[in-house]
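Reviewing the structure listed below.
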Amino acid sequence: QGPQDEVGRLVHTFNGMLDQLQELYARLATAVDAQKRFVADASHELRTPLTIIRGNIDYLERAGTLDPEALADMKAEAARMSELLEELLAMARADAGQTPELEPLALGPLVRDVCRRAGALPHQVDFVVELPPALDRIMVLGHAEWLRRALLILLDNAFKYTPSGSVTVRAGRQGEGVVLQVIDTGPGIPPEDLPRVFDRFFRGDPARSRGGSGLGLAIASWVAGLHGGRLTAESKVGEGSTFSLWLPVYRPAAGGTNS
Ligand code: ADP
200 QGPQDEVGRL VHTFNGMLDQ LQELYARLAT AVDAQKRFVA DASHELRTPL TIIRGNIDYL
260 ERAGTLDPEA LADMKAEAAR MSELLEELLA MARADAGQTP ELEPLALGPL VRDVCRRAGA
320 LPHQVDFVVE LPPALDRIMV LGHAEWLRRA LLILLDNAFK YTPSGSVTVR AGRQGEGVVL
380 QVIDTGPGIP PEDLPRVFDR FFRGDPARSR GGSGLGLAIA SWVAGLHGGR LTAESKVGEG
440 STFSLWLPVY RPAAGGTNS
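For what it's worth, full-length UniProt numbering labels the leading residue of the sequence shown as 200, then goes sequentially.
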């Protein structure tokens, strides 16, 4: 083995390092781009309601009266802004890796409670809740508030996008976990959009979109991941969509310890 081999090995090592550096750089660039887009999209989303509110203030000033319609508009836009801010904050916390603590909880009462609350949301469809009694014995390691939120997002979407027919909630065991499904008879999601509905700020066809922020499913999907689960969607245009939230079942260590 001469110095020639030594140099050859060094060149090989450096080339390997160069490749790794290049990959690292590419990853960083993607992350920075994603952050930039997030900030740009978020600002854009907040600017729209703000513009409407300012327009209404100008109008009220000029009119010199408190037009109830303009006031109602402003109230609705302000509500939209605070909802959006809350969602953005949740995303920022998630990005910062601030994951909330999980604790054992019974899924049955939680899901029933969400369904009861969802029933009060505006909807024009039959709301069918099919939860087996066995659900009450199923535990997950979870965060109650985030789980409620995720389910409510799915139900809210189902109601929002389904003009007629029904929205059904179902639950059952699947593998080592439990799956909660929200099934609607809405317009469905085109196959090319389906993989993107979980992206932040993704909104489908504006003709169908219902003025949301495009953050709902990104949050629900994050909640699924937080629980070691997953959120998936199946859909057929003209027939409807099914969103399935799968969560691993929690089994406390059987028996006591021997020590
Ligand atoms: P938002 O509803 O605020 O637009 P989401 O992240 O909740 O944002 O949903 C993203 C997109 O996915 C929606 O704009 C819509 O196009 C589509 N979508 C979500 N849920 C449904 C549903 N149940 N039926 C049809 N399309 C849906």
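Beta carbons: idealized from backbone N, C-alpha and C, even for Gly.
Buried or exposed by the 16-neighbour rule on C-beta atoms within 10 Å, applied to residue i
| i | result |
| --- | --- |
| D383 | buried |
| N214 | exposed |
| Q380 | buried |
| S440 | buried |
| I418 | buried |
| K359 | buried |
| S458 | Confidence at S458 is low in this model, with a pLDDT of 43, below 50, so its placement is unreliable and the value that follows should be read with caution. The residue is exposed, with fewer than 16 neighbouring Cβ atoms inside 10 Å. |
| Y224 | exposed |
| T361 | buried |
| L265 | exposed |
| I388 | buried |
Simplified DSSP state of residue i, which is helix, strand or coil
| i | result |
| --- | --- |
| I382 | strand |
| S281 | helix |
| G424 | helix |
| P394 | helix |
| L304 | strand |
| N288 | For clarity, residue 288 is Leu in the given sequence; the question names Asn instead. Three-state DSSP puts L288 in a helix. |
| G411 | coil |
| P451 | coil |
Element boundaries [alpha helix (DSSP H), containing residue i]
| i | result |
| --- | --- |
| F358 | 343-360 |
| F237 | 202-262 |
Identified DSSP bridge partners for residue i
| i | result |
| --- | --- |
| W445 | V378, R429 |
| Q373 | G376 |
| E329 | R369 |
| M338 | A305 |
| G439 | K435 |
Integer Cβ distance of residue i from residue j, believed to fall under 8 Å
| i | j | result |
| --- | --- | --- |
| A370 | L416 | Not a contact, Cβ separation roughly 20 Å. |
| L350 | V313 | 5 Å |
| R402 | F237 | Not a contact, Cβ separation roughly 15 Å. |
| F442 | A432 | 5 Å |
Closer than 6 Å: residue i CB and nearest the ligand FMN heavy atom
| i | result |
| --- | --- |
| A241 | This structure lacks the ligand FMN; the ligands present are the ligand ADP. |
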